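> Everything in the sequence shown is counted per this note's numbering, starting at 1354 for the first residue and increasing by one. Positions of the beta carbon are idealized from the N, C-alpha and C atoms, including for glycine. Note that the coordinates shown come from a computational prediction; the quantities given were computed from them, not determined experimentally.
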Amino acid sequence: MDALNPFVFTQPVGPDDLIDRDDESDRLLALAKGGHAVRLSAPRRYGKTSLLRRIGRDADKIGMNYVEVDFYGVLSEIEVAERLEDGYAVLRSKTGELARSAIRTLRPGISVGGGPVRVDSRPRVEERTKRLLTGLLDLPVRLFERTGTRTLVAFDEFQALLAVGPGIDGLFRSRIQRHGDAASYIFAGSHPGLMAQLFARQERPFFGQARAFELDPLDDGDIAEYIGERFERTRRSVGAALEPLLDLAAGHPQRAMLLAHQLWEQTPFEGEADAECWQRTLATVFAEQDEALRAAWDSLETKEQAVYAALAVGGSGLFAERTLTRFNLSKSSARYAREALVRGGQVRKIDSRWLPVDPLLARWSVELQHNGGEDLLR
Ligand SMILES: Nc1ncnc2c1ncn2[C@@H]1O[C@H](COP(=O)(O)OP(=O)(O)OP(=O)(O)O)[C@@H](O)[C@H]1O
Ligand SMILES: [Mg+2]
């Protein structure tokens, strides 16, 4: 039977399937051990959650509890409380049991059976939710008191909390700051503008409260080794297609895996990924991603599209007269739009160059300038 496709691109990858990131996990774990709070920032799909899980596994090995809470899409304090509970629900062994029994004491008793249904007033519900939230945030302290073990709490998509209301980060900070030896925190987020709102504004409670840690693109050599090894393991070999793949992926972890996944599909059992396989891969990837890429493109303002395309083309620099004329920009509109793209996470500075984060959207936008994207679909 033919093997299953070994390249995962739709969900976080397991700790043993990560390309590199050894140094990052070691450093982040060392900071957690030392009780330091860290803000882990990286663009979307750069492997934040995968890395957190790897750190979680390593934390577990050295006797720390690991709790991961995903705030993506939360809208209310009640939902925040539920997400915190979900985080503790998967904690194993005695510590997990302790956490869950502590949660039961925080939840008001639910009476089953007859009797009139009591409808609480809104202020009462809000007060109870706040108390529940405070109790949940303080759980690491209770675990520490009972077991003497420190908890590493990873708040994933932390910026999503901003949707809940203006005081929510204040509430978090007010509890967390008392946790001392009981807990260490990693705040992970992908939206640079929102993360900056939380951590870089003087008036916000988390201002200057966590060390900044960014994820860089992956090295081509590491990606190449990973792809080659997995092709071989599934009795294929990666030939002439490897170079254009690395070139297009530009170190973007999820894009590299997506391309490798499709290339593998196009490569026959016991065959080699050659230039033809690569052409078919490109056509399939851009056809499948067309809708998503169009949506990403359409979500940008006109001047942002112009700056994005100019950065994707590269060449003479954004503020060169030629570029400004070609993309119908003034210096100030270019600067303004670039800042908006950086805040939105579409553009990022790497080694002193401003570059589009998503290499597929970059390639797509370049083609769009040339011929409406027709070439990519052929
Ligand atoms: N170090 C890595 N090695 C291999 N693949 C990786 C790595 N980092 C990320 N990926 C790829 O990126 C995909 C997304 O990873 P993950 O969900 O961890 O990223 P994320 O930054 O949390 O994404 P999101 O912004 O959607 O939450 C994975 O499915 C995998 O294909
Ligand atoms: Mg994630």
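Buried or exposed: where does Q1364 fall if 16 or more other Cβ atoms within 10 Å of its Cβ makes it buried?
Along the sequence shown, read from residue 1 onward, the residue named residue 1364 stands at position 11. Exposed is the call here.
> Give the secondary structure of S1685 by DSSP, where H, G and I count as helix, E and B as strand, and everything else as coil.
Numbered from 1 along the sequence shown, position 332 holds the residue referred to as residue 1685. It is helical.
> When you measure from the CB of D1509 to every non-hydrogen atom of ligand 2, does any distance come out below 7 Å?
Here the question's residue 1509 lines up with position 156 in the sequence shown. Yes, the Cβ of D1509 comes within 7 Å of a heavy atom of ligand 2.
> Quick check on R1397: does DSSP put it in helix, strand or coil?
Taking the sequence shown and counting its residues from 1, one reaches residue 1397 at position 44. Coil at R1397, not helix or strand.
> For A1663, which residues from the same chain have a beta carbon less than 8 Å from its beta carbon, with the 5 sequence-adjacent residues on both sides left out?
By 1-based counting over the sequence shown, the position of residue 1663 is 310. The residues are L1671, T1676, R1679, F1680, L1682 and A1687.
> Kindly indicate which three-state DSSP category R1477 falls into: helix, strand or coil?
Mapped onto the sequence shown, residue 1477 falls at position 124. Reduced to three states, the DSSP call for R1477 is helix.
> In terms of alpha-carbon separation, which member of H1614, E1644 and R1647 lies closest to R1633?
In the sequence shown, the residue the question calls residue 1633 occupies position 280. Minimum Cα distance to R1633 is reached at H1614.
> Let me check understanding here. Comparing Cα to Cα, which of A1565, G1697 and Q1658 lies closest to Q1722?
Position 369 of the sequence shown, counted from the start, is the residue given in the question as residue 1722. Among A1565, G1697 and Q1658, the Cα nearest to that of Q1722 belongs to Q1658.
> Say the cut is 7 Å; is the CB of T1363 nearer than that to a heavy atom of ligand 2?
Position 10 of the sequence shown, counting from 1, holds the residue named residue 1363. Flag unset: Cβ of T1363 not near ligand 2.
> Among residues of its own chain, excluding the 5 on either side of L1514, which ones have a beta-carbon nearer than 6 Å to its beta-carbon?
Position 161 of the sequence shown, counting from 1, holds the residue named residue 1514. Counting only Cβ-Cβ distances below 6 Å, and skipping sequence neighbours, we find F1424 and I1521.
> Please report the straight-line C-alpha distance between Q1562 and D1569, rounded to a whole angstrom.
If you number the sequence shown from 1, residue 1562 lands on position 209. If you number the sequence shown from 1, residue 1569 lands on position 216. When rounded, the distance between both Cα atoms is 22 Å.
> Name the two residues that bound the continuous beta strand (DSSP E) containing P1709.
Looking up residue 1709 in the sequence shown gives position 356. P1709 -> beta strand (DSSP E) spans R1706 to P1709.
> Measure how close the beta-carbons of A1549 and F1511 come, nearest whole angstrom, since I'm counting them as under 8 Å.
In the sequence shown, residue 1549 corresponds to position 196, counting from 1. In the sequence shown, residue 1511 corresponds to position 158, counting from 1. About 12 Å; that fails the 8 Å criterion.
> On the criterion of 16 or more Cβ atoms from any shown chain inside 10 Å, does A1715 qualify as buried, or is it exposed?
Within the sequence shown, residue 1715 is the residue found at index 362, counting from 1. Counting Cβ neighbours within 10 Å, A1715 comes out buried, since at least 16 surround it.
> Per DSSP, what are the beta-bridge partners of V1335 in this structure?
Any property of residue 1335 remains undetermined from this structure, which presents the chain solely from 1354 to 1731.
> Among I1580, W1717, R1526 and A1452, which one has its Cα closest to the Cα of L1612?
In the sequence shown, counting from the first residue as 1, residue 1612 sits at position 259. Of the candidates I1580, W1717, R1526 and A1452, the one whose C-alpha sits nearest the C-alpha of L1612 is I1580.
> Hey, out of P1476, S1474, V1427 and E1421, whose CA is closest to G1449's CA?
On the sequence shown, residue 1449 is found 96 positions in, with the first residue counted as 1. Cα-wise, what sits closest to G1449 is E1421.
> Here's the rule: buried if 16 or more other CB atoms are within 10 angstroms of the residue's CB, otherwise exposed. What is D1711?
As a working note, residue 1711 is residue 358 in the sequence shown. D1711 comes out buried.
> Count the other CB atoms within 10 Å of the CB of S1429; is the residue buried (16 or more) or exposed (fewer)?
Walking along the sequence shown from the start, residue 1429 turns up at place 76. It is exposed - the Cβ of S1429 has fewer than 16 other Cβ atoms within 10 Å.
> Kindly indicate which three-state DSSP category E1435 falls into: helix, strand or coil?
Stepping through the sequence shown from its first residue, residue 1435 is reached at position 82. It is helical.
> Just reading off the beta strand (DSSP E) that E1567 is part of, what are its end residues?
For this step, residue 1567 is matched to residue 214 along the sequence shown. That run of the beta strand (DSSP E) goes R1564 to E1567.
> Count the CB pairs spanning the region 1430–1449 and the region 1398–1411 that are closer than 8 Å, and state whether there are at least three.
The region 1398–1411 and the region 1430–1449 do not touch, with fewer than three beta-carbon pairs separated by less than 8 Å.
> With distances taken from CA atoms, which of D1373, D1534 and A1356 is nearest H1605?
By one-based count along the sequence shown, residue 1605 stands at place 252. Among D1373, D1534 and A1356, the Cα nearest to that of H1605 belongs to D1373.
> Tell me which residues share the same chain as Y1419 and place their Cβ nearer than 6 Å to its Cβ, disregarding the 5 neighbours each side in the sequence.
Walking along the sequence shown from the start, residue 1419 turns up at place 66. The residues are G1409, A1412, D1413 and L1505.
> Fully enclosed by the region 1638–1683, which alpha helix (DSSP H) runs are 4 residues long or longer?
Whole alpha helix (DSSP H) segments, 4+ residues: 1655–1666 and 1674–1679.
> Could you tell me the boundaries of the beta strand (DSSP E) in which A1294 lies?
This structure leaves residue 1294 out entirely; the chain is present only between 1354 and 1731.
> DSSP on A1390, reduced to helix/strand/coil?
In the sequence shown, the residue the question calls residue 1390 occupies position 37. Correct three-state label for A1390: coil.
> Please classify V1366: does DSSP put it in a helix, a strand, or coil?
Indexing the sequence shown from 1 puts residue 1366 at position 13. Here V1366 sits in coil by DSSP.
> Excluding the 5 residues preceding and the 5 following G1592 in the sequence, name in chain order all residues of the same chain whose CB lies nearer than 8 Å to its CB.
Counting from 1 along the sequence shown, the entry for residue 1592 is found at position 239. Here the set comprises E1625, A1626 and D1627.
> Sort out for me which residues DSSP pairs K1702 with in a bridge.
What you label residue 1702 is simply residue 349 of the sequence shown in a count that begins at 1. Its beta-bridge partners are W1707.
> If you measure from the CB of K1401, is any heavy atom of ligand 1 nearer than 7 Å?
Within the sequence shown, numbered from 1, the residue matching residue 1401 stands at position 48. Indeed, a heavy atom of ligand 1 lies less than 7 Å from the Cβ.
> Kindly list the residues whose CB is nearer than 6 Å to the CB of D1491, restricted to its own chain and excluding five residues on each side of it in sequence; keep chain order.
Working through the sequence shown from its first residue, we reach residue 1491 at position 138. Closer than 6 Å at the Cβ level, and outside the excluded window around D1491, lie R1528.
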